[in-house]
Amino acid sequence: MISFQNFSFRYEESKDFTLRGIDMTVQTGEFILLTGRSGCGKTTLIRSLNGLIPHFYPGEIQGDLVMDGRSLLEMKPAQLAGQVGTVFQDPRSQFFMTDTTRELAFGCENMGLPREETIDRIAKAAKDLELADYLNRSIFALSSGEKQQIAVGSVYALSPKVYIFDEPSANLDYAATKRLAEIMGKLKRDGYTIFVVEHRFYYLRDLIDRVFLIQNGKIEQEFTREQFCSLPEGTRISYGLRTAYPERDAEHYQEKERRPMGKHLLSVQGLSFAYPKEQEVFRNVSFEAHAGDVIGILGHNGAGKTTLLSILTGLLKQRNGEITFDGRKLTPRQRRALSYLVMQDTDYQLFASSVEEELSLGIREDCKEKVDAALEALELSEYREQHPAALSGGQKQRVTIGAAIVKDSPVIYFDEPTSGLDYDSMVRVSRLIEQLSASGVIVFVVSHDFEFIVRTCTEVVQLDDQGAVQNHRLTPQMLKALSEQYFH
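Heads up: the sequence shown begins at 1 in the UniProt record's numbering, then just goes up one per residue.
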């Protein structure tokens, strides 16, 4: 049993408490969903559980946190490692080895387990979690879903009593998310206690026992699975929660009106690409994008979505085919000048020491009004003087989107812009993209987020595992077919 007893926490560098008066008791074997708006305190709560607070993130603690009659706050990290295991949003952040088998062994070796026991635990993890096909492989050769499974396996090998998953589906396609749910289901059936922090929880609706809604560092509401999955839409939206049934969006979809064709036209004809000594990623890709179009680039992890994005933005050169803008053939360098890419991993493109400076990079000094407008639209005005590194993941995402807006590029590309975003932030991003579309910008979006695609896109370019590409107008019939493909 785990019990938060009037638990409060304030980070060392902060004036205010991030968690305030948390009272929560979780029985052994329960499956708990922690959800709420970005920045509400969910991550701080799980950092308290796994020992990152106070050992890595010092600060002021009030109250207590008890597991099986013993205070977790008094346990050393080495003791906690065998009790509580964590799988982070980006599994790369917790890898220490370059091959999968050594990664599975790493935790066991650090706990000083005998070699024979370590080998036995790796074998058990591979058997129980169906990881045998991933052993003795390079970490770098794995897809996002495969990396996530290795991360779970490395925790499983330590035999913890409690599992924590921090937004584990944020970077996964639907097939990988389904596999993740299967692994979680096995852990639940085996009697482990599971905490999941998530914004997109459709795949958990058959697993969760209870849901705790966190707001402003407090537990706002507690729900059973039945109560949570049957929340009225208005109530759900007022809490800033995603839908538990995204496939139902296809049933009520109304096709967006096609905007009058704008002055700009991006044309892709006969595009093919292959990495050196490898088979083609895709072949004969052809489509057109008019000013105001919002085009979703869809496909499984590894289908070539990011590669296509890299070619369109001029970061890679295609093997065959051509890309033209308003009839003018573009070199990779010209494509780079024409485009702005909002990357999936926002930390790679945050350089300045404040949010305002970040949005001002590379623009004229007389464009301050555009920066102010973007900060206001993204609800970032109160953070304008803060260092981007101090923001939550969702807030960082909005900063990079704001930087794209103020640059006035005619073509803007978004790579998974809603990964890790709550409902309010997802809607905000969708509306901003709609504003870009209305102003004549051509927008491309790589996304696995069905709820976001339905709200935002006018067309889709779909890549399959064989390198084939289909281009469709997003109609109710097309959306129904996508829903069947993703959810059934």
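Idealized CB from N, CA, C, for every residue including glycine.
Contact between the region 409-426 and the region 169-188 is present, with at least three C-beta pairs closer than 8 angstroms. It is roughly 6 angstroms from the alpha-carbon of residue 32 to the alpha-carbon of residue 208.
For a cut-off of 8 angstroms, the C-beta gap from residue 66 to residue 3 is around 5 angstroms, short enough to register as a contact. When 340, 338, 21, 206 are compared, the shortest CA-CA separation from residue 188 is found for 206.
Straight-line measurement puts the Cα of residue 210 at about 11 angstroms from the Cα of residue 194.
Taking 7 angstroms as the cut-off, the Cβ atoms of residue 255 and residue 98 do not count as close. Boundaries of the beta strand (DSSP E) around residue 35: 31-35.
For residue 16, the closest C-alpha among the options 300, 117, 217, 221 is that of 217.
A straight line joining the alpha-carbon of residue 309 with that of residue 438 spans about 22 angstroms. Non-local C-beta neighbours of residue 135 in its own chain, meaning closer than 7 angstroms and more than five positions away in sequence, comprise 100, 101, 126, ordered along the chain. When DSSP states are grouped into helix, strand and coil, residue 224 belongs to the strand group.
In the DSSP assignment, residue 390 falls outside any beta strand (DSSP E), carrying neither H nor E. Between the region 322-342 and the region 403-413 there are three or more C-beta pairs closer than 8 angstroms, enough to call the two in contact. Burial state of residue 110 is exposed, judged by a 10 Å Cβ sphere holding fewer than 16 other Cβ atoms. For residue 236, no beta strand (DSSP E) segment is defined; the enclosing uninterrupted segment is the alpha helix (DSSP H) at 233-238.
Residue 69 counts as exposed, since fewer than 16 other C-beta atoms from the protein chains shown sit within 10 angstroms of its C-beta. Contact between the region 43-59 and the region 11-31 is present, with at least three C-beta pairs closer than 8 angstroms. By the Cβ rule, the region 153-163 counts as touching the region 77-94, because three or more pairs are nearer than 8 angstroms.
For residue 437, the secondary structure class from DSSP, reduced to helix, strand or coil, is helix.
For residue 118, the CB contacts under 7 angstroms within the same chain, skipping 5 residues up- and downstream, are 105, 108, 109 in chain order.
Secondary structure at residue 426: helix, using DSSP grouped into helix, strand and coil.
In the DSSP assignment, residue 286 falls within the unbroken beta strand (DSSP E) covering 280-290. Here the alpha carbon of residue 90 sits roughly 9 angstroms from the alpha carbon of residue 166. Going by DSSP, residue 24 is part of the beta strand (DSSP E) stretching over 19-26. Segment contact: the region 174-181 against the region 328-336, fewer than three CB-CB distances shorter than 8 angstroms; contact not assigned. Contact annotation, residue 461 with residue 323: C-beta distance approximately 14 angstroms; criterion of less than 8 angstroms not satisfied. Distance between residue 351 and residue 80, taken at the CA atoms: about 35 angstroms. Look at residue 144 here: in three-state DSSP terms it is helix.
Among the bridge pairs identified by DSSP, residue 183 is matched with none.
Closest in alpha carbon position to residue 63, among 24, 92, 52, is 24. In summary, residue 473 is exposed, with fewer than 16 beta-carbon neighbours lying within 10 Å of its beta-carbon over all protein chains present. Scanning its chain for C-beta atoms nearer than 8 angstroms, with the 5 sequence neighbours on each side dropped, one finds around residue 434 the residues 294, 456, in chain order. DSSP, reduced to helix, strand and coil, places residue 459 within a strand of the structure shown.
Residue pairing from DSSP places residue 294 in a beta bridge opposite 443. For residue 323, the three-state secondary structure derived from DSSP is strand.
Secondary structure within the region 105-177: the beta strand (DSSP E) runs of 3 or more consecutive residues, fully enclosed, are 162-166 (chain order).
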